[in-house]
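Here the structure is laid out as structure tokens; the discussion comes afterwards.
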Amino acid sequence: MADTYDLVVIGSGPGGYVCAIKAAQLGLKVACVEKRKTYGGTCLNVGCIPSKALLYASEAFAEAGHSFAEMGIEVSPKLNLEKMMAHKDKTVKSNVEGIAFLFKKNKITGLIGTGRIKSVGEVEVTKDDGSTETLKAKNICIATGSDVAGIPGLDVQFDETTIVSSDHAIALPEVPKKMVVVGGGVIGLELGSVWARLGAEVTVVEFLDKILGPMDSEVSTAFQKLLVKQGLTFKLGAKVTDVEKSKNGASVTFEPVKGGDAETIDADVVLVATGRKPYTEGLGLKEAGVALDDRGRVEIDAHFRTNVEGIYAIGDVVKGAMLAHKAEDEGVALAEILAGQSGHVNYDAIPSVVYTEPEVASVGKTEEELKKAGVEYNVGKFPFMANGRARSMLKTDGFVKVLADKKTDRVLGVHILGADAGDMIAEAALLMEFSGSSEDLARTSHAHPTLSEAVREAAFAAFAKPIHV
Ligand code: NAI
């Protein structure tokens, strides 16, 4: 059975490609099927990577126009959007080509075409020219990710010019004068920030009475204030009931969730960022008998097994946070399991980051979650205003908050609002992976002067007292 693969992965996003590479490294014969023209899935092609290129570039543009002067650099930045988009496209290209290179290096058969489970042990690939090829597989991994969900209960007509999803909000040909963002979640705030920095008047309409719903409320409130200072407008507790194309753009109608009069605002561009849904269309799951859960996700057990033997699923298409690194972790764990090892993912220590300016990062429990669970905890907080490095960089917004168990001092959650929060959260995730305490964190030497000293100080504050406030 020379042409039977040990593993055929459907989907080459961070879940699928990482699973394929890890499995190949562990000696399995692997193929990976991808329906886009390039590997890397949503994350590398239209999600994390291009948005980060734009976030970084637009942040530099905003800084050049604001804080540079305070540091004695006098410039008048001029936006060349075409070039900024070219920077984004180049970044995407080098990343997706990187995956193709890694496939080759690890002797993975990469196939561009649409994969469908033909039967247990068989994946049919339909190529662009309509031809098909059937791969035999001892194991199949569904890693098809997610797609734009739209607004629950509304049939939004995305024309991807005036009413756009995140896929196209990263490629607008010009800066809109007025932009309405439906949904104050991660995508809405990241992409809303990009266009606000480049000059758009951005209004975010959010159903909940806070932005970033699952985020620690204290962090979310402080973050919103900073975004307001940056020029974003928020309509919270507002349910969008209509998004329509108009003569010169589009209009968004919303009403207070608590009841009251509806309001309509016009915009040149409306970004709808109200969540994503698992992508399971055309995969032949029903025919193969693969069960979905009540939210349309592929149902799996603790070892990524579906109800059909030999078929597994990971990433956005299964339960859990829709995060690239969660999918990667699952990809590694599944590959290890298939290779006879004991792969495992610690879902309690998966960080989450919003790549705005400042960034927002967290790992573990929020205060609200601890209160709800009746867990007694200590809080240690430290503001970046009191951090020397932050002052020298003019990045004094935000704070670090460490939540530790009152009895054992074990760290249960860390929340950072501040510059480079996304990188700094890594030490908190590592600490939690080892069930560390706030004292462990505080007694670990941190280089001076660094922003990470604020993390240490917050840990000091959780079990004793911070030094610098
Ligand atoms: P989200 O779930 O983060 O936010 C959607 C927001 O839309 C929610 O706050 C919800 O209350 C609101 N909403 C829903 N219906 C509404 C209505 N009718 N009117 C007003 N507001 C309404 O979803 P988002 O931002 O689209 O992101 C999708 C997924 O992608 C998330 O799971 C997110 O974690 C992930 N993602 C992660 C990133 C990161 O880690 N940096 C970056 C981008 C996406």
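Using this note's numbering, the first residue of the sequence shown is number 1, and each one after it goes up by one.
In this text, a Cβ means the ideal position worked out from N, Cα and C, and glycines have one as well.
Note that the structure is a prediction, hence the values are computed from the model and not measured.
| message | Let me confirm a value: Thr264 is counted as buried when at least 16 other C-beta atoms fall within 10 Å, else exposed. Which label applies? | response | Its Cβ having fewer than 16 others within 10 Å, Thr264 is exposed.
| request: Take Glu492 as the anchor and find which of Ala64, Glu82 and Gln157 has the nearest alpha-carbon. | output: A question about residue 492 goes unanswered here, because the residues of the chain that appear run from 1 up to 469.
| task | Please name the residue, chosen from Val353, Glu357 and Thr408, that lies closest to Val414 on a Cα-to-Cα basis. | result | Looking at the Cα atoms, Val353 is the closest of the given residues.
| request: Would you mind listing the alpha helix (DSSP H) stretches within the stretch 269-301 that are 4+ residues and don't spill past its ends, in chain order? | output: Correct list: 285-288.
| message | What would DSSP say about His495, mapped onto helix, strand or coil? | response | Outside the displayed range of the chain (1 to 469) lies residue 495, so it cannot be described from this structure.
| task | Mark Val469 as exposed unless 16 or more other C-beta atoms lie within 10 angstroms of its C-beta, in which case mark it buried. | result | Flag for Val469 reads exposed.
| message | How far does the beta strand (DSSP E) with Asp264 in it extend, from its first residue to its last? | response | Note on residue identity: the sequence assigns Thr, not Asp, to residue 264. Bounds of the beta strand (DSSP E) holding Thr264 are Glu263 to Ala267.
| field | Boundaries (first-last residue) of the alpha helix (DSSP H) holding Glu190 | value | That run of the alpha helix (DSSP H) goes Val186 to Arg197.
| Check: Gly47 C-beta below 7 Å from any heavy atom of the ligand NAI | Yes; taking the cut-off as 7 Å, the Cβ of Gly47 has a heavy atom of the ligand NAI nearer than that.
| field | Strand pairing of Ile311, partner residues [DSSP] | value | For Ile311, which the question treats as bridged, DSSP gives the partners Ile140.
| query | Taking just the CA atoms, how far does Pro383 sit from Glu367? | reply | Whole-angstrom Cα-Cα distance: 18 Å.
| request: Check whether the Cβ of Ala321 lies closer than 7 Å to any heavy atom of the ligand NAI, and answer yes or no. | output: Closer than 7 Å to some heavy atom of the ligand NAI: that describes the Cβ of Ala321.
| message | Can you tell me where the beta strand (DSSP E) holding Thr203 begins and where it ends? | response | Note, Thr203: beta strand (DSSP E), Glu201 to Val205.
| query | Taking Cβ to Cβ, would you say Gly343 is nearer than 8 Å to Ile337? | reply | Taking 8 Å as the Cβ cut-off, Gly343 and Ile337 qualify as a contacting pair.
| request: Run the CB neighbour count on Met179, radius 10 Å, all protein chains shown included, and call it buried at 16 or more, exposed below. | output: The residue in question, Met179, is buried, as its Cβ has 16 or more Cβ neighbours within 10 Å.
| request: On a CA-only basis, which of Leu208, Asp242, Arg36 and Gly296 is nearest Leu236? Give me that one, please. | output: For Leu236, the nearest C-alpha among the options comes from Leu208.
| request: Return the Cβ separation of Lys277 and Asp147 in integer angstroms, given the expectation that the two are a contact with Cβ distance under 8 Å. | output: Confirmed, about 6 Å.
| If you draw a straight line from the C-alpha of His325 to the C-alpha of Ile300, how long is it? | Cα to Cα, His325 sits roughly 18 Å from Ile300.
| query | Any idea which residues DSSP pairs Thr4 with across the strands? | reply | When DSSP reads this structure, Thr4 sits in a beta bridge with Lys136.
| Three-way DSSP call (helix, strand, coil) for Asp420 in this model | It is coil, neither helix nor strand.
| Fully enclosed by the stretch 364-428, which alpha helix (DSSP H) runs are 4 residues long or longer? | If we require 4 residues or more, the alpha helix (DSSP H) runs fully inside the stretch 364-428 come out as 367-373 and 388-392.
| request: Within the same chain, show all residues whose beta-carbon is closer than 6 Å to that of Ser362, passing over the 5 residues directly before and after it, in chain order. | output: When the five nearest sequence neighbours on each side are left out, the beta carbons in the same chain lying within less than 6 Å of the beta carbon of Ser362 are those of Ser352 and His415, in order along the chain.
| request: Could you round the C-beta distance between Gly183 and Thr274 to whole angstroms and report it? I think they count as a contact, below 8 Å. | output: Separation of the CB atoms of Gly183 and Thr274 is rounded to 4 Å, and the pair is thereby assigned contact status at 8 Å.
| said: For a test of your reading of the model: does the CB of Ala238 fall under 7 Å from any non-hydrogen atom of the ligand NAI? Yes or no. | reply: At a cut-off of 7 Å, the beta-carbon of Ala238 counts as near the ligand NAI: some heavy atom of the ligand is closer than that.
| said: Between the alpha carbons of Asp405 and Asn378, how many angstroms are there, rounded? | reply: Approximately 6 Å between the Cα atoms of the pair.
| task | For Ile117, write down the residues that DSSP places opposite it in a beta bridge. | result | Beta-bridge pairing links Ile117 to Val123.
| Proximity below 8 Å, CB of Lys339 to CB of Gly27 | Position check: residue 339 holds Ala in this sequence, whereas Lys was assumed. The answer is yes: Cβ separation under 8 Å.
| query | For Val240, which residues does DSSP report across the bridge? | reply | Looking at the DSSP output, Val240 shares a beta bridge with Phe254.
| request: Return the chain-ordered list of same chain residues with a C-beta closer than 6 Å to the C-beta of Lys177, the five sequence neighbours on each side being excluded. | output: Taken in chain order, the residues that qualify are Asp268.
| field | Expected contact under 8 Å - CB spacing of Thr306 and Arg389 to nearest Å | value | Rounded, the Cβ-Cβ distance is 48 Å, inconsistent with contact.
| query | Roughly how many whole angstroms lie between the Cα atoms of Lys465 and Val219? | reply | Whole-angstrom Cα-Cα distance: 21 Å.
| request: Determine the contact status of Leu79 and Phe61, defining contact as a CB-CB distance below 8 Å. | output: Yes, these two residues count as a Cβ contact at 8 Å.
| said: Given a cut-off of 8 Å on the beta-carbon distance, is the pair Ala196 and Gln224 in contact? | reply: Judged by beta-carbon spacing, Gln224 lies beyond the 8 Å limit of Ala196, meaning their Cβ atoms are not closer than that value.
| said: Using only the alpha-carbon positions, how far apart do Pro14 and Glu328 sit? | reply: Roughly 5 Å separates the two Cα atoms.
| task | Give every residue of the same chain whose Cβ lies closer than 6 Å to the Cβ of Ala291, excluding the five residues on either side of it in the sequence, and list them in chain order. | result | Close CB contacts of Ala291 within its chain, under the 6 Å cut and outside five residues either way in sequence, are with Glu299 and Asn307 (chain order).
| message | Can you give me the C-alpha to C-alpha distance between Ala459 and Met71, rounded to a whole angstrom? | response | The straight-line gap from Cα to Cα measures roughly 31 Å.
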